Structure formats: C-alpha cells, structure tokens
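*Asks:* Numbering (our numbering), first residue to last: 1 to 640.
Note that beta-carbon positions come from the ideal geometry of N, C-alpha and C, so glycine has one too.
In this text the structure is predicted, and so the values were computed from the model without any measurement.
Before anything else, here's the structure in question.
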C-alpha cells in the first residue's frame with residue numbers, strides 16, 4: 001500500500017495542456033478527454049460525476065489541448081460549480097502531469113501506465129467481484145499516450161489475472177492497430193468499418209495466414225503490411241470475378257472490397273484474441289466457467305469479438321465500462337490510484353448514467369414558444385409516446401447523460417423496430433450511409449425469447465443472432481447476417497422512464513424492442529443539453545421531442561434559423577486577437593502548423609524548445625531527415 005488517502009473529494013483527469021497545440025489546432029495524443037469527480041469516505045468510494053469533454057466543448061473526440069494550466073483550471077472549475085466545489089476543494093488531482101498535484105503516473109513497473117489504467121477501468125468496476133472472484137482482463141487499444149511515459153517500441157499492451165484481489169500482470173497483443181491502419185487507408189471510422197464488414201455478404205476467395213500475425217506494439221509499418229496483404233489480393237480491374245465471392249451489386253466496388261477485407265480483419269482480430277486467451281487459460285490454470293472476462297481499451301467496442309469470446313469460452317460473465325475506450329481513462333486513473341493507496345476499496349459502478357443532467361428546459365421552451373416553434377407542451381403519457389414512435393422517429397432526452405461513445409437511451413433518437421423504413425429514416429436524419437445499422441434496446445426479461453445464446457448487455461458491447469422465428473418482426477435492427485448490436489434494459493431508478501416506454505411499446509405491438517441511435521449529427525458529439533436537443537430536432541424536421549418527461553410538439557421547422565443554438569459550456573480556444581499575440585510568444589521562429597505537428601507527434605517537445613533558435617534549427621533538420629527517410633505521411637499520421 002502507498003500513502004494514506006484522506007476522506008473527501010478527488011479529481012481524476014485525462015486532458016492535454018499545450019500552448020502550441022492549442023494555438024495551432026494540433027490534435028493531441030490524448031483524445032476523448034475526460035474528467036471525473038470522486039468522493040472517499042473510509043473504504044467507500046463514490047463516483048460523483050463523469051464529464052466527457054466533447055459534450056462540454058462540442059468538439060467531437062475532444063483532441064484539442066487546453067492552452068495552459070490556468071485555462072485548464074478555469075474550465076474544470078466551471079464544471080465543478082454545480083457541486084459548489086473548485087479544484088481548491090480537492091484532496092488531490094490525478095492523471096495529467098501539468099495539472100496533477102500527485103505523481104500518480106510515476107510507473108515503476110514494466111507495463112504501460114495507460115494500459116494499466118484501462119485495466120482498472122474494468123477490473124475494479126465492482127469491488128465485490130475484484131476481491132471475491134477470478135477475472136481475466138485484457139487492455140486492447142491502439143497505443144498509450146505519452147504525456148505520462150516515454151514511447152514504447154516493444155511491448156505496449158497489458159493483461160492480468162485477478163484472483164480474489166491478487167493481480168498477476170503480463171504482456172499481450174492487441175488487434176487495435178490493425179483497425180487504425182484500416183481506418184486511415186479506407187478513410188472511415190473503425191465503427192463504420194465494423195458495420196460495413198457485415199453490411200454485405202461479399203468475401204475474399206483467399207486469406208492471409210493468421211498464425212503468423214502477432215501485434216505486440218503500435219508499430220504502424222507492420223500492420224500496414226498485414227493490411228496490404230489482405231487488400232492487395234482484391235485490388236485491380238477484375239477483382240469481382242477473380243477475388244471476391246457474393247459480390248453485392250447494391251454497393252460500390254470500393255465498398256465491396258472494404259467489406260470483404262474487413263471481414264478478414266475481423267476474423268483475424270478474433271483469432272488474435274482467442275489465441276492469447278487459450279494461452280492465458282492454460283498458463284494460469286483458469287476455468288472459464290468460474291472466470292469473468294474483462295475487456296478495456298478502444299478495441300473493446302468491437303461487439304462481434306466480445307460476443308465471440310464469450311460464446312467460445314463460456315466465461316462466467318463479462319466486465320467492461322460503457323466508456324471502454326479512452327473516454328474512460330479518468331475512471332481507470334482514479335480506480336488504479338485508490339487501489340494503490342488503500343487497504344481495501346469498496347466501489348460499485350451502478351450504471352452508465354454519470355453524466356450531466358439539466359432541468360432548465362422551460363427557459364428555452366419559453367423562448368422558442370415566443371419565436372413560434374412550439375405547438376404544445378404536455379406531461380408524458382406512455383401510450384401517446386408509443387403512437388409518436390410508430391408514426392416517426394422521436395428525440396428522447398432523459399435525466400443524466402450516459403457516458404461513453406454510445407447512446408444508451410438518455411440522449412437518443414428512438415424509432416419503431418418493426419420496419420426497415422425506421423432505419424432508413426434514422427440514417428437520413430443522421431446524414432450517414434443507408435447501410436449503417438441501428439441498435440435495439442430490449443427488455444432484459446425478454447432477451448432469451450428473441451436472441452440466441454444471449455446474456456445481459458447494458459452498454460451495447462455485444463452482438464447476438466436473432467432467433468429464426470423472430471426474423472421478420474424487427475427488420476430495422478438487424479445486420480445483414482441477422483445479428484444485432486444489443487442493449488438490454490432492466491428496471492432501475494436511472495432507466496425507469498425508458499423502461500416504461502419500452503413496456504408500453506411491448507404492450508401495444510407485442511415487440512419488446514425499440515430502435516436506438518445516438519442523438520447527434522454526423523461528425524458531432526452526442527447532444528448534452530435541452531437546447532441542443534431542440535436545435536437538433538428543429539434543424540432535422542423532427543416533430544416530437546421528449547425532454548425530462550415532457551412531450552414537446554414542434555412546428556414551423558422550415559422557418560428555423562438556429563434560434564436554439566447555444567454556446568458550449570467549455571470554450572477551448574483563445575480569441576483571434578489573443579491567439580495572434582500568443583503565437584508570437586510561443587513560436588517566435590514561426591514554424592508552420594505542419595512542422596509543429598511533427599514536433600509534437602515525434603515527441604521532440606521533450607528535448608527541444610520552440611523559443612530557442614538553435615533548437616528550432618535542429619527540429620527542422622530532424623523533420624527533414626525523417627520525411628526523406630520515411631515519407632511525410634509515415635512520420636506524422638494525425639490531422640494537421
């Protein structure tokens with residue numbers, strides 16, 4: 001055990017602070033930045049609030065740095081105001097070197113600190129399981145951030161076995177870099193690629209040798225070679241006839257190729273995960289039926305793999321947070337810190353709903369009423385809500401926001417699951433490809449009646465096959481292979497309103513399932529506030545909005561001119577005039593934005609200063625050498 005932690009408040013942060021990254025809009029190694037507030041009383045730990053900064057700044061993935069420590073403190077204090085707290089009230093602040101008051105990130109192990117924090121965001125979600133059960137945990141993402149440690153060129157990823165609170169760590173592999181390469185090469189997000197893999201039946205006639213692939217670090221070149229092996233076989237004019245089976249005429253040639261290749265990448269990913277789990281089970285003498293599988297890191301969003309592993313091994317249960325990617329790092333940072341500095345931790349992650357809540361909708365409703373956009377406002381009646389859903393998709397805004405990248409029914413677009421037209425309407429509303437699937441929310445007690453080999457999936461992290469006798473009943477939520485990415489719901493305090501809605505839909509239609517997709521436009525964060533929900537609905541022509549148990553009927557959509565648009569809670573950028581002045585101070589030798597991007601992503605900032613002429617000359621020399629040796633796109637892979 002480390003130091004003794006006093007009772008009181010603690011703040012865990014996963015943010016970036018960099019003057020030049022902020023001024024030149026260079027995306028940082030820390031994406032999906034987040035902050036969480038904790039309270040300790042004896043052995044009891046409470047997660048009070050969790051902030052995903054993209055919801056506060058309205059910047060998707062929030063990859064932008066705060067300008068300086070003062071800027072970061074002001075922004076965080078603004079978030080803490082709702083509890084009449086500030087950073088001065090915290091016993092300690094963890095996770096971000098320039099902000100932290102404790103050197104929690106000092107790592108005397110051979111394992112990545114970033115990866116260890118991912119592990120703890122899963123294995124410590126329920127301390128009863130941690131101290132009384134056996135857990136096999138894998139942290140599988142793309143790479144660590146290097147704010148807290150030096151880049152690793154050897155063993156990047158970490159797993160562990162927990163037996164009644166005793167942890168044994170080991171190095172593992174991660175399929176994450178494969179998907180990152182595929183995303184860059186095909187210019188699609190990983191989730192879109194996962195969807196496209198199963199949107200068509202197209203597949204390759206040949207395959208690469210899975211047993212020869214081992215991904216132990218984030219070495220890009222290795223994964224590029226693997227991806228090129230896969231896609232190289234299906235390139236060319238005659239790819240349809242020679243290299244693809246079940247070519248789908250409804251898709252473009254590019255989408256057919258991508259779908260076929262991503263099926264192979266998916267199968268390779270499953271193979272990598274399965275292979276190492278077999279080895280771990282054998283080495284540590286585990287019985288899967290008595291062992292929980294815990295997954296963390298961005299690859300954990302791959303629902304087919306999670307479901308495949310659960311079915312293949314028959315684990316006792318599955319543990320993962322809804323914020324399974326880096327959007328949950330402050331969760332892991334805190335739980336790791338409590339574990340290191342307490343004899344025993346008593347903690348339970350109750351649900352996904354630790355985000356912001358707002359009950360100020362009357363103010364914006366009154367304003368929009370005066371502007372002529374409100375037809376009526378009334379209390380919710382679930383029978384009426386069901387008819388609204390049957391007629392058209394609705395906006396559903398309820399209580400505290402869910403945390404993590406997926407909407408789980410508190411900031412959602414909801415539609416009738418029975419008809420294909422529901423999916424089509426939702427994809428039109430969200431301005432995305434028509435083949436994109438939408439997810440179902442199902443009453444947990446009805447799960448076994450509708451899906452094969454299913455189990456609770458409250459955070460939408462698993463896919464299940466629908467039962468054959470239900471195939472024609474819920475066309476809107478099925479993938480091409482008749483699977484669906486499931487969210488289950490049971491009656492608890494945080495989900496009572498949504499549960500009642502689905503119960504009413506079940507009573508009216510005989511279907512205990514609704515369509516659910518996130519309440520956001522393409523390229524935008526999920527809606528956070530009532531004003532944002534109403535702005536979205538008016539912009540998209542959606543007639544009915546439910547906000548905190550109020551039914552709002554809108555009108556005059558064609559006349560809407562952004563009257564409900566509201567400023568972000570956190571303003572991440574300086575003013576234009578401030579930025580101009582600060583650029584002269586920070587970058588007196590006037591490196592270009594692209595050069596500053598190289599400077600940051602090659603970690604040159606740890607050795608060279610932009611304010612020293614001799615350092616700047618050396619930085620430019622290093623960049624030229626690297627670009628000549630590797631090519632510009634190989635040196636700097638981020639958006640500049």
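(1) Compute the beta-carbon to beta-carbon distance between residue 395 and residue 284, rounded to the nearest angstrom, for a pair I have assumed lies under 8 Å.
(2) Evaluate residue 278 with the Cβ neighbour count: other Cβ atoms within 10 Å of its Cβ, from every protein chain shown; 16 or more gives buried, anything less gives exposed.
(3) Which residues does DSSP list as the beta-bridge partners of residue 487?
(4) Spell out the partners DSSP gives residue 295 in its beta bridges.
(5) Buried or exposed: residue 86, going by 16 or more other Cβ atoms within 10 Å of its Cβ?
(6) Can you tell me whether residue 254 is buried or exposed? The criterion is at least 16 other CB atoms within 10 Å of its CB, across all chains shown.
(7) For residue 178, which residues in the same chain have their Cβ closer than 8 Å to its Cβ, ignoring the five residues on either side in sequence?
(8) Identify the continuous alpha helix (DSSP H) that holds residue 411 and give its terminal residues.
(9) Alpha carbon to alpha carbon, what distance is there between residue 514 and residue 525?
(10) Along the chain, where does the alpha helix (DSSP H) containing residue 120 start, and where does it finish?
(11) Please check if any C-beta of chain C sits within less than 7 Å of the C-beta of residue 573.
(12) Can you tell me where the alpha helix (DSSP H) with residue 663 in it begins and where it stops?
(13) When you compare only the Cα positions, how much space is there between residue 204 and residue 306?
(14) Are the beta-carbon atoms belonging to residue 294 and residue 123 less than 7 Å from one another?
(15) Measure the Cβ-Cβ separation of residue 476 and residue 419 and say whether it is below 7 Å.
(16) Give me whichever residues DSSP pairs with residue 126 in a beta bridge.
(17) Around the Cβ of residue 106, are there at least 16 other Cβ atoms within 10 angstroms (buried) or fewer (exposed)?
(18) For my contact list, residue 318 and residue 176 are in at a C-beta cut-off of 8 Å; report their separation, rounded to the angstrom.
(19) Quick check: the segment 486-498 against the segment 17-30, are there 3 or more CB pairs under 8 Å?
(20) What three-state label does DSSP hand residue 36 in the structure shown?
(21) Pop quiz: residue 323 and residue 399 are said to be a contact at Cβ under 8 Å. What is the actual Cβ separation, rounded to whole angstroms?
(22) With the cut-off set at 7 Å, would you say residue 440 and residue 413 are in Cβ contact?
(23) By DSSP, does residue 12 sit in helix, in strand, or in coil?
(24) Who are the Cβ neighbours of residue 542 in its own chain at under 6 Å, not counting the five residues just before and after it?
(25) So which of 60, 417, 142, 70 has the shortest CA-CA distance to residue 472?
(26) Since residue 49 contacts residue 354 with CB under 8 Å, what's their CB separation in whole angstroms?
(27) What number of angstroms, rounded off, separates the C-alpha of residue 453 from the C-alpha of residue 288?
(28) In the DSSP output, what is residue 223 paired with across the bridge?
(29) Taking Cβ positions, are residue 56 and residue 570 nearer each other than 7 Å?
(30) Taking 7 Å as the cut-off, decide whether the C-beta atoms of residue 512 and residue 479 are in contact.
(31) What ranges does the alpha helix (DSSP H) occupy inside the segment 308-377, keeping only unbroken runs of at least 4 residues that lie completely in it?
(32) For residue 273, which of 347, 327, 291, 309 has the nearest alpha-carbon?
(33) Rounding to the nearest angstrom, what Cα-Cα distance links residue 654 and residue 229 in this structure?
(34) Considering only C-alpha positions, which residue in the set 606, 611, 598 is nearest to residue 621?
(35) At a cut of 8 Å, does the segment 20-28 reach the segment 325-335 through at least three beta carbon pairs?
(36) When DSSP builds the beta bridges, which residues end up paired with residue 157?
*Replies:* Answer, in terms of the structure:
(1) By one-based count along the chain shown, residue 395 stands at place 395. By one-based count along the chain shown, residue 284 stands at place 284. With a Cβ gap of about 48 Å, residue 395 and residue 284 do not count as contacting.
(2) Here the question's residue 278 lines up with position 278 in the chain shown. Classification of residue 278: exposed, given that the 10 Å Cβ count is below 16.
(3) On the chain shown, residue 487 is found 487 positions in, with the first residue counted as 1. Per DSSP, the beta bridge partners of residue 487 are 441.
(4) As a first step, residue 295 is located in the chain shown; it is residue number 295 there, counting from the start. Residue pairing for residue 295: DSSP places it in a beta bridge opposite 138.
(5) Residue 86 sits at position 86 when you count from the first residue of the chain shown. Flag for residue 86 reads exposed.
(6) As a working note, residue 254 is residue 254 in the chain shown. Exposed, because fewer than 16 other Cβ atoms sit within 10 Å of the Cβ of residue 254.
(7) Here residue 178 is taken as the residue at index 178 of the chain shown, counted from 1. Apart from the 5 residues on each side of it in sequence, residue 178 sits with its Cβ closer than 8 Å to the Cβ of 215, 223, 226, 227, 265, 268, 269 in its chain, given in chain order.
(8) In the chain shown, residue 411 corresponds to position 411, counting from 1. Per DSSP, residue 411 belongs to no alpha helix (DSSP H); it is in the beta strand (DSSP E), 411-416.
(9) Within the chain shown, residue 525 is the residue found at index 525, counting from 1. Within the chain shown, residue 514 is the residue found at index 514, counting from 1. Residue 525 and residue 514 have their C-alpha atoms spaced approximately 22 Å apart.
(10) If you number the chain shown from 1, residue 120 lands on position 120. For residue 120, the enclosing alpha helix (DSSP H) has its first and last residue at 113-123.
(11) Chain labels in this structure do not include chain C; a single protein chain is all it has.
(12) Any question about residue 663 goes unanswered here, given that the chain covers just 1 to 640.
(13) The count along the chain shown starts at 1 and reaches residue 204 at position 204. The count along the chain shown starts at 1 and reaches residue 306 at position 306. About 24 Å.
(14) Here residue 294 corresponds to residue number 294 of the chain shown, with the count starting at 1. Here residue 123 corresponds to residue number 123 of the chain shown, with the count starting at 1. Contact: yes.
(15) The residue you call residue 476 lines up with position 476 of the chain shown. The residue you call residue 419 lines up with position 419 of the chain shown. In contact: residue 476 and residue 419 (Cβ atoms closer than 7 Å).
(16) For the purposes of this step, residue 126 is taken as residue 126 along the chain shown, with counting starting at 1. Beta-bridge pairing by DSSP links residue 126 to 348.
(17) Numbered from its first residue, the chain shown carries residue 106 at position 106. With fewer than 16 other Cβ atoms within 10 Å, it is exposed.
(18) Here residue 318 corresponds to residue number 318 of the chain shown, with the count starting at 1. Here residue 176 corresponds to residue number 176 of the chain shown, with the count starting at 1. Between residue 318 and residue 176 a beta carbon distance of about 19 Å is seen, past the 8 Å cut, so the two are scored as non-contacting.
(19) No: fewer than three Cβ pairs fall under 8 Å.
(20) The residue labelled residue 36 in the question sits at position 36 within the chain shown. DSSP, read as helix, strand or coil, puts residue 36 in strand.
(21) As a first step, residue 323 is located in the chain shown; it is residue number 323 there, counting from the start. As a first step, residue 399 is located in the chain shown; it is residue number 399 there, counting from the start. About 18 Å; that fails the 8 Å criterion.
(22) Translated into positions along the chain shown, residue 440 becomes position 440. Translated into positions along the chain shown, residue 413 becomes position 413. Taking 7 Å as the cut-off, the beta carbon of residue 440 is found no closer than this to the beta carbon of residue 413.
(23) Mapped onto the chain shown, residue 12 falls at position 12. Strand, per DSSP.
(24) On the chain shown, position 542 is the one that residue 542 refers to. Contacts found: 395.
(25) Taking the chain shown and counting its residues from 1, the one referred to as residue 472 is at position 472. Nearest C-alpha to residue 472: 417.
(26) The residue you call residue 49 lines up with position 49 of the chain shown. The residue you call residue 354 lines up with position 354 of the chain shown. Contact flag correct, Cβ pair sits at about 6 Å.
(27) If you number the chain shown from 1, residue 453 lands on position 453. If you number the chain shown from 1, residue 288 lands on position 288. Between the alpha carbons of residue 453 and residue 288 lies a gap of roughly 16 Å.
(28) If you number the chain shown from 1, residue 223 lands on position 223. Beta-bridge pairing links residue 223 to no other residue.
(29) Here the question's residue 56 lines up with position 56 in the chain shown. Here the question's residue 570 lines up with position 570 in the chain shown. Against a cut-off of 7 Å, the Cβ pair of residue 570 and residue 56 comes out as a contact.
(30) Position 512 of the chain shown holds residue 512. Position 479 of the chain shown holds residue 479. Between residue 512 and residue 479, the C-beta gap is not smaller than 7 Å, which leaves the two residues out of contact.
(31) Qualifying alpha helix (DSSP H) stretches, in chain order: 329-341, 361-371.
(32) Locating residue 273 in the chain shown gives position 273, counting from the first residue. The option with the nearest alpha carbon to residue 273 is 309.
(33) Nothing can be reported for residue 654, as the shown portion of the chain is limited to 1 through 640.
(34) If you number the chain shown from 1, residue 621 lands on position 621. Out of 606, 611, 598, 598 has the C-alpha closest to the C-alpha of residue 621.
(35) By the Cβ test, the segment 20-28 is not in contact with the segment 325-335, since fewer than three Cβ pairs between them sit closer than 8 Å.
(36) Translated into the one-based positions of the chain shown, residue 157 becomes position 157. Partner(s): 172.
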